[in-house]
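A.B. asks: Structure in structure tokens, see below.
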Amino acid sequence: MRPALAIVLILPFFLFACSSEILRQQEKLIQEQQSEILKQRKEVEELEAVVKREGQKRQDCNRAFRYFEQGQTASNPGEAVELYRKGLDLCPDDDVAHYELGKILVGLGQREEAAREFEAVVKLNPNFQDARQQLKAMGR
């Protein structure tokens, strides 16, 4: 067989083998990219869910502040307690509201409930010194 004829016969097989390897590499790269895209979509969805929860929490706390304001001006301490509790049901992480509720409860002689409120304050905000002093005064 002539060398030129051998090259002509072998060349298509060589080119096919090279293109097959390139296609396999490209397919692998595409799969990796698709996997990364799915991962990033999941991360975006998780972030969107966090933003949505935070927005809802903000709205709930804004509604709760109305209860806290009404509690501050309530003429009846029992009514004030009820208003603060309604607000804290909506926005349980408000350390000042827990503190104010604790003070009202002390005034009503409900020391155990007051202590729980002051403990909640310190748990939410370890630097809230007035709440720590209240607990110390209560022997806790």
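Residues in the sequence shown are numbered consecutively from 2, following my numbering. Glycine included, C-beta positions come from ideal geometry on N, C-alpha and C. Fair warning: this is a prediction, and the values are worked out from it, not measured in the lab.
Measure the C-alpha to C-alpha separation of residue 115 and residue 36 and round it to an integer number of angstroms.
C.D. replies: Locating residue 115 in the sequence shown gives position 114, counting from the first residue. Locating residue 36 in the sequence shown gives position 35, counting from the first residue. Rounded to the nearest angstrom, the two C-alpha atoms are 53 Å apart.
A.B. asks: Taking the straight line between their C-alpha atoms, what separation do you get for residue 135 and residue 117?
C.D. replies: In the sequence shown, counting from the first residue as 1, residue 135 sits at position 134. In the sequence shown, counting from the first residue as 1, residue 117 sits at position 116. Cα to Cα, residue 135 sits roughly 11 Å from residue 117.
A.B. asks: Using three-state DSSP, classify residue 95 as helix, strand or coil.
C.D. replies: Position 94 of the sequence shown, counted from the start, is the residue given in the question as residue 95. In this structure, residue 95 counts as coil in the three-state DSSP scheme.
A.B. asks: Please classify residue 47: is it buried, with 16 or more other beta-carbons within 10 angstroms of its beta-carbon, or exposed?
C.D. replies: For the purposes of this step, residue 47 is taken as residue 46 along the sequence shown, with counting starting at 1. Its Cβ having fewer than 16 others within 10 Å, residue 47 is exposed.
A.B. asks: Would you identify the three-state DSSP class for residue 75, choosing helix, strand or coil?
C.D. replies: Here residue 75 corresponds to residue number 74 of the sequence shown, with the count starting at 1. The answer is coil: DSSP assigns residue 75 none of H, G, I, E or B.
A.B. asks: For the alpha helix (DSSP H) holding residue 112, just list the boundary residues, first then last.
C.D. replies: Numbered from 1 along the sequence shown, position 111 holds the residue referred to as residue 112. Counting along the chain, the alpha helix (DSSP H) containing residue 112 begins and ends at 112-125.
A.B. asks: Between residue 72 and residue 56, how many whole angstroms is the CB-CB distance? I'm expecting something under 8 Å.
C.D. replies: Residue mapping note: residue 72 aligns to position 71 of the sequence shown, counting from 1. Residue mapping note: residue 56 aligns to position 55 of the sequence shown, counting from 1. Not quite, the Cβ-Cβ distance comes to about 25 Å (not below 8 Å), so this is no contact.
A.B. asks: DSSP three-state label for residue 66, please.
C.D. replies: Position 65 of the sequence shown, counted from the start, is the residue given in the question as residue 66. Helix.
A.B. asks: I need the boundaries of the alpha helix (DSSP H) containing residue 133, first residue and last residue.
C.D. replies: Working through the sequence shown from its first residue, we reach residue 133 at position 132. Element bounds for residue 133: 130-138.
A.B. asks: Suppose you measure from the CA of residue 85 to the CA of residue 42; what does that come to, to the nearest Å?
C.D. replies: Taking the sequence shown and counting its residues from 1, the one referred to as residue 85 is at position 84. Taking the sequence shown and counting its residues from 1, the one referred to as residue 42 is at position 41. A straight-line Cα-Cα distance of about 41 Å links residue 85 and residue 42.
A.B. asks: Should residue 28 go down as buried or exposed, given a rule of 16 or more other Cβ atoms within 10 Å for buried?
C.D. replies: As a first step, residue 28 must be located in the sequence shown, where it is residue number 27. That one is exposed.
A.B. asks: Does the distance from the C-beta atom of residue 122 to that of residue 96 stay below 8 Å?
C.D. replies: Along the sequence shown, one-based indexing puts residue 122 at 121. Along the sequence shown, one-based indexing puts residue 96 at 95. Contact flag set, yes.
A.B. asks: Please classify residue 31 as buried or exposed, where buried requires at least 16 neighbouring CB atoms within 10 angstroms.
C.D. replies: Here residue 31 is taken as the residue at index 30 of the sequence shown, counted from 1. Looking at its Cβ environment, which holds fewer than 16 other Cβ atoms inside 10 Å, residue 31 is exposed.
A.B. asks: I believe residue 129 touches residue 103 by the beta-carbon criterion, under 8 Å. Please report the beta-carbon distance rounded to the nearest angstrom.
C.D. replies: For the purposes of this step, residue 129 is identified with residue 128 of the sequence shown, where counting begins at 1. For the purposes of this step, residue 103 is identified with residue 102 of the sequence shown, where counting begins at 1. That belief does not hold up - the Cβ atoms of residue 129 and residue 103 are roughly 11 Å apart, past 8 Å.
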